[in-house]
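> In the working numbering, the protein residues as written are 2 to 63.
Where a beta carbon is used, it is the ideal one built from N, C-alpha and C, also for glycine.
This one's a predicted model, so the numbers in the text were calculated from it and none came from an experiment.
Let me give you the structure first, and then I'll get to my questions.
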């Protein structure tokens, strides 16, 4: 099930959020990426009904 339009998927929200964490929180790119992964995992664990939407927003983890 798609929650968002095709235009929505043209953005790379994962990279955009990582970049914001690097710039605004002074994290290294590696720290920022890991932070986003932790939050994604947390949301999917605590709110499994949002798992599909989270995958669509940030891309499915390999």
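Here's the rule: buried if 16 or more other CB atoms are within 10 angstroms of the residue's CB, otherwise exposed. What is residue 40?
The residue in question, residue 40, is exposed, as its Cβ has fewer than 16 Cβ neighbours within 10 Å.
> Just reading off the alpha helix (DSSP H) that residue 30 is part of, what are its end residues?
Counting along the chain, the alpha helix (DSSP H) containing residue 30 begins and ends at 30–47.
> Pull up the distance between the alpha-carbon of residue 54 and that of residue 44, whole angstroms please.
Each residue's alpha carbon lies about 11 Å from the other.
> Would you tell me roughly how many angstroms separate the C-alpha atoms of residue 26 and residue 35, rounded to the nearest one?
One C-alpha to the other measures close to 13 Å.
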